[in-house]
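What follows is a set of notes on a single structure, which appears directly below.
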Amino acid sequence: MVPGAALVEPPDLNTATPKELTVQLTAVQKEVMISGKKVLAETYNGSLVGPTLHVVPGQRVTLKLANHLGTSTNLHYHGMHLSPKGSADNIDLSVKPGQIQTYHLDIPANQEPGTYWYHDHEMCDGNGRPMPGMTMSPAPAKSPAPANVRCNGTESQIGAGLSGTIIVGDSRETLPPAYRGITAHTLALKDTQISSSSSIVYPDGVLEPAEPTVRLVNGQYQPTLTMKAGETQLWRIANEGYAIAYDLQLDGGTFTVVNQDGIPAAAPARAKHLLMPPGRRFDVLVTAGATGSTWLRTLAHKTGPDPFNGAGDEYPDTPLMKVNVQKDSGNAGPAATAGRPGMATSPQITGPLPGSHPDLSKEPIARSRSIVLNDDRGNNFWINGKLFDHTKPTFAEPATLGTVEEWTLTNKAQQNHPFHLHVAPFQVLSVNGVAQPHADYMDGVSVPHAVNGKPGKVVIRIRFTDFTGKWFFHCHITGHEDTGMMGYLNVIAAR
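Just so we're aligned, residue 1 is where the sequence shown starts under UniProt numbering, counting upward by one.
Structure (structure tokens):
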């Protein structure tokens, strides 16, 4: 594949932010260009990287999803604080081929500014059909729905291209005034496999492990981003892929993390690398050094002790995006001391930033729960010893609005499992017994694999607010989610 083209931002679905907004996404197969090669993909509005949706707190968004695929599909608004019922962030809705589903999204007035994403979240049974109990979209489009609806699942559809970015407000507005006018870029990371027939669409719903994995930025192979010497920019980085974890490094530079999973940082900090399991987002400040070039790359890393025998995956060191630094001929924002060619140390920002969340570690807890993740290194993935059952909650006892719960996530498997919760973020208290700073709020956390028979453990706390209904949780390696590592908790109103 040919690298080096200039970085192109994902298309914008809207640029204005009125009080009420109506937009349309069309899910359709289309040939797209990847590094000069035509590849068949599943797209939103014809783009391999779905259009970026800009919304603001307090806004009413009407989103119409038209399904022009040959399989059922739906949408999940990952990280957003939205109702899991009705026509909001309800993954029980299934949109048949030839149908239109209208989603009504009331963006909360207190939704934090930051980076989120949307993607398919179709749940299938073992026979390639939507799970029993899912609500099929009734609104007709131009073509009638077939009698037998085929369902490929989340892994296949995200892997084929069905994901995009949501930006709420502007996280630059939470920064000191000197940084509010700096240039911002969206960097959507996607992993995919291109078959010998130039397709990333898998009609049988199964990805092809024999095909090499390609890592793309905004749908491009090793694009080039240009900065000015001494310039500081905001990068909104989102792992919108179906399986791969990234360990990002900016050669010669650092990242200043100002937002994680859409939550403004309580304690912004510099980082030399960013670990990004599927679904993770970071808003970071980066600063260019002297003129020259460098790379944003993902470092070699493993997610288990023995990848060749099914115990995790091993990922190679891979350059993702070239950064060219040119001479500054004008105002590039806050000045920085130019360092080595390419990049310099990113700025230090003092927190907490507006919108950061309070520390839950001292809050009284209403209930403790245990979630145990395990697998057989094959095709079975369990939570608490059971495969996902759409008709039964994982816990008989519901949670109550207004309360805080503590959950212990235990991983008995020989690979990391990134745990994701719908509807609200959570605070990570500890990882394998090591206390974490209260700045660590997120909506997904990688639960470490077992070592010498000792399970990995993460302790989290969740405050249940605003919305009753099914709060889903699952591993965000989508193949694991599709084959059983998923559950939900009923949340009820206080009596």
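Cβ coordinates follow ideal geometry from the N, Cα and C atoms, glycine included.
(1) Thinking Val-201 and Glu-405 are a contact (beta carbons under 8 angstroms), I'd like their distance in whole angstroms, please.
(2) Quick check: the Cα distance between Tyr-488 and Phe-472, rounded to an integer number of angstroms?
(3) Between Gln-195 and Asn-152, what straight-line distance do the alpha-carbon atoms span, to the nearest angstrom?
(4) Taking 9 angstroms as the threshold (C-beta atoms), are Pro-278 and Ile-477 in contact?
(5) With distances taken Cα to Cα, identify the nearest neighbour of Leu-105 among Ala-160, Ala-344, Ile-166.
(6) Verify whether the separation of the beta carbon atoms of Ile-182 and Leu-234 is less than 9 angstroms.
(7) For Pro-176, verify whether its CB is less than 8 angstroms away from any heavy atom of the ligand GDP.
(8) Should Tyr-221 and Ser-370 be called a contact, given that it needs their Cβ atoms to be closer than 9 angstroms?
(9) Would you list the residues sitting across from Phe-473 in a DSSP beta bridge?
(10) Less than 8 angstroms between the CB atoms is what I'm expecting for Leu-162 and Thr-73, so what's the real figure, rounded?
(11) Report the partner residues of Glu-122 according to the DSSP bridge assignment.
(12) Are the Cβ atoms of Pro-10 and Pro-51 separated by less than 9 angstroms?
(13) Is it buried or exposed for Lys-228, if we count other Cβ within 10 angstroms and need 16 for buried?
(14) Using a Cβ-Cβ cut-off of 9 angstroms, state whether Met-33 counts as contacting chain E.
(15) When you compare only the Cα positions, how much space is there between Val-95 and Leu-40?
(16) Please work out which residues of its chain come closer than 8 angstroms, Cβ to Cβ, to His-76, disregarding the five sequence neighbours upstream and downstream, and give them in chain order.
(17) Within the same chain, show all residues whose beta-carbon is closer than 6 angstroms to that of Gly-479, passing over the 5 residues directly before and after it, in chain order.
(18) Can you name, in chain order, every residue of its own chain whose Cβ lies under 6 angstroms from the Cβ of Ser-47, other than the five neighbours on each side?
(19) For Thr-254 and His-54, I'd like the C-alpha separation in whole angstroms.
(20) Opposite Lys-38 in the DSSP bridges: which residues?
(21) Would the region 352–368 count as touching the region 235–247 if we require 3 or more Cβ pairs under 8 angstroms?
(22) Enumerate in chain order the residues of its own chain whose CB-to-CB distance from Asn-384 is below 7 angstroms, with the five nearest sequence positions on each side excluded.
(23) Assign Ala-366 to buried or exposed, taking buried as 16 or more other Cβ atoms, counted over all protein chains shown, within 10 Å of its Cβ.
(24) Put Gly-456 into one of helix, strand or coil per three-state DSSP.
(25) My assumption, with CB atoms under 8 angstroms, is that Pro-268 sits in contact with Val-257. Please give the rounded CB distance.
(26) Assuming Val-447 contacts His-417 under a Cβ cut-off of 8 angstroms, what Cβ separation, rounded to an integer in Å, is found between them?
(27) Once the 5 residues before and after Ala-311 are set aside, which same chain residues still bring their CB inside 7 angstroms of it?
(28) My guess is that His-273 and Asp-313 are in contact by the Cβ rule of under 8 angstroms, so how many angstroms apart are they, rounded?
(29) Met-442: buried (16+ other C-beta within 10 angstroms of its C-beta) or exposed?
(30) Using the beta-carbon count (16 or more within 10 Å), is Asp-283 buried or exposed?
(31) Using a 10 Å radius around the Cβ and a threshold of 16 neighbouring Cβ atoms, would you call Thr-391 buried or exposed?
(32) Below 9 angstroms between beta carbons: does that hold for Thr-62 and Pro-97?
(33) If you compare alpha carbons, which of Leu-25, Lys-470, Gly-444, Ala-450 is closest to Arg-280?
(34) Considering only DSSP beta bridges, list what Asp-375 is partnered with.
(35) Quick check: the Cα distance between Pro-140 and Leu-25, rounded to an integer number of angstroms?
(36) Beta-carbon separation of Leu-69 and Gln-111 under 9 angstroms?
Answer, in terms of the structure:
(1) Rounded, the Cβ-Cβ distance is 41 angstroms, inconsistent with contact.
(2) CA-to-CA, the gap between Tyr-488 and Phe-472 works out to about 4 angstroms.
(3) Per the sequence shown, the amino acid found at residue 195 is Ser instead of Gln. Cα to Cα, the separation comes out at about 18 angstroms.
(4) Pro-278 is positioned such that its CB atom lies closer than 9 angstroms to that of Ile-477.
(5) Looking only at Ala-160, Ala-344, Ile-166, the smallest Cα-Cα distance to Leu-105 is reached by Ile-166.
(6) Closer than 9 angstroms, so yes.
(7) Absent from the structure shown: the ligand GDP. Ligands present: none.
(8) Contact annotation: Tyr-221 and Ser-370 have beta-carbon atoms that are not nearer than 9 angstroms.
(9) BP columns for Phe-473 point to Leu-421, Gly-487.
(10) Leu-162 to Thr-73, Cβ: 7 angstroms. Contact.
(11) According to DSSP, Glu-122 bridges with nothing at all.
(12) Yes, they are a contact pair.
(13) Answer is buried; the Cβ neighbour count reaches 16.
(14) Among the protein chains of the structure shown there is no chain E, as only one such chain exists.
(15) Note on geometry: alpha-carbon atoms of Val-95 and Leu-40 lie some 22 angstroms from one another.
(16) Within the same chain, His-76 has close Cβ partners Asp-89, Ile-91, Tyr-118, His-119, Asp-120, His-121, His-422.
(17) Hits under 6 angstroms: Glu-155.
(18) The residues are Pro-11.
(19) Straight-line spacing of the CA atoms in Thr-254 and His-54 works out to 27 angstroms.
(20) Looking at the DSSP output, Lys-38 bridges to Met-33.
(21) Inter-segment contact for the region 352–368 and the region 235–247 is absent: fewer than three beta-carbon pairs are separated by less than 8 angstroms.
(22) Excluding sequence neighbours, Asn-384 sits near Ile-371, Val-372, Thr-394.
(23) Exposed is the call here.
(24) Reduced to three states, the DSSP call for Gly-456 is strand.
(25) Indeed they touch by this definition, with Cβ atoms about 6 angstroms apart.
(26) At roughly 5 angstroms, the Cβ-Cβ gap stays under 8 angstroms, so Val-447 and His-417 are in contact.
(27) Taken in chain order, the residues that qualify are Gly-304, Pro-305, Arg-377, Gln-414, Gln-415.
(28) The distance from the Cβ of His-273 to that of Asp-313 is about 18 angstroms, inconsistent with a contact at the 8 angstroms cut-off.
(29) Counting the other CB atoms within 10 Å of its CB gives Met-442 a total of 16 or more, which places it among the buried residues.
(30) Buried, since its Cβ has 16 or more Cβ neighbours within 10 Å.
(31) Taking all protein chains in view, the Cβ of Thr-391 is surrounded by fewer than 16 other Cβ atoms within 10 Å, so the residue is classified as exposed.
(32) No, the Cβ-Cβ distance between Thr-62 and Pro-97 is not below 9 angstroms.
(33) Among Leu-25, Lys-470, Gly-444, Ala-450, the Cα nearest to that of Arg-280 is on Gly-444.
(34) Partner residues in the beta bridge of Asp-375, as assigned by DSSP, are Phe-381.
(35) Unreliable positioning characterises Pro-140 in this predicted model, as indicated by a pLDDT of 48, which lies under 50. A coordinate reading is not provided.
(36) No, the pair does not count as a contact, with Cβ atoms beyond the cut-off.
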